[in-house]
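J.:
There are 2 protein chains.
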Amino acid sequence: MLNLETYISERVTQIDSALDRFLPMGERLPASLHQAMRYSVFAGGKRIRPLLMIAACEAVGGSIKSVLPAACAMEMIHTYSLIHDDLPAMDDDDYRRGRLTNHKVFGEATAILAGDALLTQAFILLAGADPDSGSSAADKLRVLQIIATAAGSLGMVGGQVVDMESETKSVELPIIEYIHTHKTGALILAALQTGAILGNADNQAFAALTRYGECAGLAFQIADDILDIVGDQSLLGKDVGSDVHRGKATYPALIGLAESRRRAEELRDMAIDALAPLGSEAEPLRALVSFIVDRSR
Amino acid sequence: MLNLETYISERVTQIDSALDRFLPMGERLPASLHQAMRYSVFAGGKRIRPLLMIAACEAVGGSIKSVLPAACAMEMIHTYSLIHDDLPAMDDDDYRRGRLTNHKVFGEATAILAGDALLTQAFILLAGADPDSGSSAADKLRVLQIIATAAGSLGMVGGQVVDMESETKSVELPIIEYIHTHKTGALILAALQTGAILGNADNQAFAALTRYGECAGLAFQIADDILDIVGDQSLLGKDVGSDVHRGKATYPALIGLAESRRRAEELRDMAIDALAPLGSEAEPLRALVSFIVDRSR
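Heads up: the protein sequence lines correspond to chains A and B, in order.
Position 256, counted from 1, in the first sequence is what the numbering used here calls 257; the numbers after and before it change by one each time, with no gaps.
Position 41, counted from 1, in the second sequence is what the numbering used here calls 42; the numbers after and before it change by one each time, with no gaps.
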């Protein structure tokens, strides 16, 4: 019987220690930049994307060693996107996860550059010659291309632009789905696919994890939208209702809270169904998608 | 006898047509983002970095085909850095190369995201499976890691942070050299080294091009500092004297105009000397470093 709490905490410990190893020390010149990078990477993130990548790799028989650098790169890309999203020119947020946002501590210019440097550091890591990884150069290039594509103008950054442009406009469900599948979904899907590749998945397992990733990614974002309305501010560490306040495009705003919940649970079940070919090795992935849908922060 | 003007214009035509091919179309969703990316990429840049990469590749007997995607990636990284440098939180520039800066046309949020997307697009390209390139996966990873390292917190972004922090402070020559070798020099050096790798240079040629890249990179930045003081505003397309106005750390401010000129010319000669092992194939590189030092814009 899987204990998800133990599963997560053991892996988060390894992720955090690897992130520490893969980031330049805070004393290294320019110290302000490296401190700003570390501030946001170690600001209490849930490590959902690296956890999913590790779980996908393990579900097909791969080892955590072979996936840890890519998992850390994924978290650096996620962190850079949060730093830039919080900027005054974007969402203008003062707090995230209960702590001051990067630009409130280090200033706007350093925050922009810390985001730039984290994105770049992710690719340094992904291209890295890690003797422990056991992955071929061709696999590394494929992983790098999947992650970069998911993060770029046709993925996460594209979703952020459409999200921004849809504020205070009345938008239809297809636009919300575009925003969600691009802004959050693309990177989550990439985490599953690259975990599969680095675990040497066969085609059937790769397809199963792809399907799981599509469903879990959208479920994650709907759950986020719901939390913005009903969440406990002290657990979330950010203002509840901030999406509503901004007129952001969300599921509950368009289809209501009850229907949003139903849809998130349906996607959770579809994600779990997709894992059928993988057997018991995929137990952590089943538990993770339930955790994602039912979480309170 | 090499005609540098013809050499440059032939290659810039190929670079520009490849950049057009390697960027999503301006109509593609989100259109505002792709238009913003294209606006700055096609804003009259001199394509110095891709030209140097191509010339390095050709100097060791490689073909332009094998280096064109990486050369375009290099230009995208350079362009992203200019977009972010021009932001209100950074240098707050309204004009670059005689045209409005990205954020003046598309707004600050889109400009930040267009920069992010260009940086990411560069890595999509570098990881790309280009059947024409003829480079091995291992060489591509090595190229990617050299470029990412040169662009990151220990390279270009680091140089930008120290440059920013040194404004209005009195700084010593070692700090100016740090800024120059990191902010501009790192990417120029990376252009030479990756051009060498993609042209299958042997160790001696790689070392020669590395030495050339170190000298040419610093010469380029000293020439830039000089142009900021004595340049013709109509040719430069930006405010002459803007570095002085901001109290920026420059060579002429510290060692005077005449000594700066002497130093730039000395570096040019050292760059040319470094090419001795490469013979006549390196003629374009010799002409390019002279062009860099003697240019009027």
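Glycine included, each C-beta is placed from N, C-alpha and C at the ideal position.
#1: Where does Leu258 (chain B) sit, in a helix, a strand or coil, going by DSSP?
#2: Give the single residue among B:Asp17, B:Ser171 and B:Lys105 whose Cα lies nearest to the Cα of Leu255 (chain B).
#3: Starting from the Cα of Tyr81 (chain A), find the closest Cα among A:Asp95, A:Ser261, A:Leu190 and A:Thr102 and give me that residue.
#4: Could you check whether Ala197 (chain B) and Val61 (chain B) sit closer than 8 Å to each other, using their CB atoms as the reference points?
#5: Could you spell out where the alpha helix (DSSP H) holding Pro51 (chain B) opens and where it closes?
#6: I'd like to know if His79 (chain B) contacts chain A, where contact means its C-beta is closer than 8 Å to some C-beta of that chain.
#7: Compare the beta carbon distance of Leu120 (chain B) and Ile176 (chain B) with 8 Å and say whether it is the shorter of the two.
#8: Going by DSSP in three states, Leu30 (chain B) sits in which element: helix, strand or coil?
#9: Judging by CA-CA distance, which residue of A:Arg269, A:Arg287 and A:Asp86 is the nearest neighbour of Asp164 (chain A)?
#10: If you measure from the beta carbon of Gln36 (chain A) to each beta carbon in chain B, is any gap under 8 Å?
#11: From what residue to what residue does the alpha helix (DSSP H) around Asp21 (chain A) run?
#12: So what's Arg100 (chain B) in DSSP terms, helix, strand or just coil?
#13: Any beta carbon from chain A within less than 8 Å of Asp95 (chain B)'s own beta carbon?
#14: Assess, as a yes-or-no matter, whether the segment 259–266 of chain A is touched by the segment 32–49 of chain A under the definition of 3 or more beta carbon pairs within less than 8 Å.
#15: Around the C-beta of Gly63 (chain B), are 16 or more other C-beta atoms found within 10 angstroms, so that it is buried, or is it exposed?
#16: In whole angstroms, what is the alpha-carbon distance linking Ser281 (chain B) and Ala56 (chain B)?
#17: Output needed for Leu174 (chain B): all residues of its chain with C-beta closer than 8 Å, excluding positions within five of it in sequence on either side, in chain order.
#18: Report the residues of the segment 144–164 of chain B with a CB closer than 7 Å to any CB of chain A, ordered along the chain.
#19: Using alpha carbons as the reference points, say which of A:Gly200, A:Asp295, A:Ala288 and A:Leu289 lies closest to Leu228 (chain A).
#20: Can you check whether the C-beta of Pro70 (chain B) is within less than 8 Å of a C-beta belonging to chain A?
#21: With distance defined between alpha-carbon atoms, name the residue in B:Ala138, B:Ile148, B:Ser137 and B:Ile113 nearest to Phe124 (chain B).
#22: Taking Ala90 (chain A) as the query, report the chain B residues whose CB atoms sit under 7 Å from its CB, ordered along the chain.
#23: Check whether chain B comes within 8 Å of Lys141 (chain A), counting only Cβ atoms and requiring the distance to be less than that.
#24: Would you decide whether Glu76 (chain A) is buried or exposed? Buried here means 16 or more other CB atoms lie within 10 Å of its CB.
#25: Since Ile125 (chain A) meets chain B, which of its residues come closer than 7 Å, beta carbon to beta carbon?
#26: Would you say Gly218 (chain A) reaches chain B, if we count a Cβ-Cβ gap shorter than 8 Å as a contact?
#27: From Ala252 (chain B) to Val231 (chain B), what does the alpha carbon distance come to, in whole angstroms?
#28: What is the DSSP secondary structure of Met77 (chain B), reduced to helix, strand or coil?
#29: Which same chain residues end up closer than 7 Å to Tyr213 (chain B) when comparing Cβ atoms and leaving out the 5 residues on each side of it in sequence?
#30: Do you know offhand how far Cys58 (chain B)'s Cα is from Leu24 (chain A)'s?
#31: Please check the pair Ile189 (chain B) and Leu53 (chain B), which I expect to be a contact at CB under 8 Å, by giving their CB distance rounded to whole angstroms.
#32: If you draw a straight line from the C-alpha of Gly46 (chain B) to the C-alpha of Ser291 (chain A), how long is it?
#33: Is the distance from the Cβ of Ala288 (chain A) to the Cβ of Leu3 (chain A) below 8 Å?
#34: Below 8 Å, can you find three or more Cβ-Cβ pairs linking the segment 141–157 of chain B to the segment 200–220 of chain B?
#35: Using the three-state DSSP reduction, which class does Gly196 (chain A) fall into: helix, strand or coil?
#36: With H, G and I counted as helix, E and B as strand and the rest as coil, what does DSSP make of Asn300 (chain A)?
T.: On the basis of the coordinates in this document:
#1: Sequence index remark: in the second sequence, residue 258 (chain B) carries index 257 (1-based). It is helical.
#2: Residue 255 (chain B) sits at position 254 when you count from the first residue of the second sequence. Answer by Cα proximity: B:Ser171.
#3: Numbered from 1 along the first sequence, position 80 holds the residue referred to as residue 81 (chain A). Looking at the Cα atoms, A:Thr102 is the closest of the given residues.
#4: Along the second sequence, read from residue 1 onward, the residue named residue 61 (chain B) stands at position 60. Along the second sequence, read from residue 1 onward, the residue named residue 197 (chain B) stands at position 196. Contact flag set, yes.
#5: Numbered from 1 along the second sequence, position 50 holds the residue referred to as residue 51 (chain B). Ile49 to Ala60 is the span of the alpha helix (DSSP H), which, as asked, contains Pro51 (chain B).
#6: Along the second sequence, one-based indexing puts residue 79 (chain B) at 78. His79 (chain B) does not count as touching chain A.
#7: In the second sequence, the residue the question calls residue 120 (chain B) occupies position 119. In the second sequence, the residue the question calls residue 176 (chain B) occupies position 175. For Leu120 (chain B) and Ile176 (chain B), no; Cβs fall outside 8 Å.
#8: Counting from one through the second sequence, the residue named residue 30 (chain B) turns up at place 29. Leu30 (chain B) falls in the coil class under three-state DSSP.
#9: In the first sequence, counting from the first residue as 1, residue 164 (chain A) sits at position 163. Among A:Arg269, A:Arg287 and A:Asp86, the Cα nearest to that of Asp164 (chain A) is on A:Asp86.
#10: Taking the first sequence and counting its residues from 1, one reaches residue 36 (chain A) at position 35. Cβ-Cβ to chain B under 8 Å: no for Gln36 (chain A).
#11: Translated into the one-based positions of the first sequence, residue 21 (chain A) becomes position 20. Leu5 to Phe23 is the span of the alpha helix (DSSP H), which, as asked, contains Asp21 (chain A).
#12: Start at 1 with the first residue of the second sequence, and residue 100 (chain B) comes out as number 99. DSSP places Arg100 (chain B) in strand when its eight states are reduced to three.
#13: Taking the first residue of the second sequence as 1, we reach residue 95 (chain B) at position 94. It does not: the Cβ of Asp95 (chain B) has no partner Cβ on chain A nearer than 8 Å.
#14: no
#15: Along the second sequence, one-based indexing puts residue 63 (chain B) at 62. Burial call: buried.
#16: Taking the second sequence and counting its residues from 1, the one referred to as residue 281 (chain B) is at position 280. Taking the second sequence and counting its residues from 1, the one referred to as residue 56 (chain B) is at position 55. Distance between the alpha carbons of Ser281 (chain B) and Ala56 (chain B): 12 Å.
#17: To locate residue 174 (chain B), count along the second sequence from 1; it is residue 173. Excluding sequence neighbours, Leu174 (chain B) sits near Leu255 and Ile256.
#18: Leu145, Gln146, Ala149, Thr150, Ala152, Gly153, Ser154, Leu155, Val158, Gly159, Gln161, Val162 and Val163
#19: Locating residue 228 (chain A) in the first sequence gives position 227, counting from the first residue. The residue with the shortest Cα to Cα distance from Leu228 (chain A) is A:Asp295.
#20: As a first step, residue 70 (chain B) must be located in the second sequence, where it is residue number 69. Cβ-Cβ to chain A under 8 Å: no for Pro70 (chain B).
#21: To locate residue 124 (chain B), count along the second sequence from 1; it is residue 123. If we check each option's Cα against that of Phe124 (chain B), B:Ile148 comes out closest.
#22: The residue given as residue 90 (chain A) occupies position 89 in the first sequence. Within chain B, the residues near Ala90 (chain A) are Glu109, Ala110 and Ile113.
#23: The residue given as residue 141 (chain A) occupies position 140 in the first sequence. Closer than 8 Å: yes.
#24: Taking the first residue of the first sequence as 1, we reach residue 76 (chain A) at position 75. When all chains shown are included, Glu76 (chain A) counts as buried.
#25: In the first sequence, the residue the question calls residue 125 (chain A) occupies position 124. The contacting residues are Gln146, Ala149, Thr150 and Gly153.
#26: For the purposes of this step, residue 218 (chain A) is taken as the residue at position 217 of the first sequence. Chain B, which has no Cβ nearer than 8 Å to the Cβ of Gly218 (chain A), makes this no.
#27: Within the second sequence, numbered from 1, the residue matching residue 252 (chain B) stands at position 251. Within the second sequence, numbered from 1, the residue matching residue 231 (chain B) stands at position 230. Ala is not the amino acid found at residue 252 (chain B); the sequence shown has Tyr there. When rounded, the distance between both Cα atoms is 13 Å.
#28: Here residue 77 (chain B) refers to the residue found at position 76 of the second sequence. Helix at Met77 (chain B).
#29: For the purposes of this step, residue 213 (chain B) is taken as residue 212 along the second sequence, with counting starting at 1. Here the set comprises Leu193, Ala272, Ala275, Leu276 and Leu286.
#30: Walking along the second sequence from the start, residue 58 (chain B) turns up at place 57. Walking along the first sequence from the start, residue 24 (chain A) turns up at place 23. Going from the Cα of Cys58 (chain B) to the Cα of Leu24 (chain A) covers about 32 Å.
#31: The count along the second sequence starts at 1 and reaches residue 189 (chain B) at position 188. The count along the second sequence starts at 1 and reaches residue 53 (chain B) at position 52. Yes, they are in contact, since the Cβ atoms of Ile189 (chain B) and Leu53 (chain B) sit about 6 Å apart, within 8 Å.
#32: Taking the second sequence and counting its residues from 1, one reaches residue 46 (chain B) at position 45. Taking the first sequence and counting its residues from 1, one reaches residue 291 (chain A) at position 290. C-alpha separation (whole angstroms): 51 Å.
#33: Taking the first sequence and counting its residues from 1, the one referred to as residue 288 (chain A) is at position 287. Taking the first sequence and counting its residues from 1, the one referred to as residue 3 (chain A) is at position 2. Yes, the pair counts as a contact, with Cβ atoms nearer than the cut-off.
#34: no
#35: As a working mapping, residue 196 (chain A) is identified with position 195 in the first sequence. Helix, per DSSP.
#36: In the structure as shown, chain A begins at 2 and stops at 298. Residue 300 (chain A) is therefore absent and cannot be evaluated.
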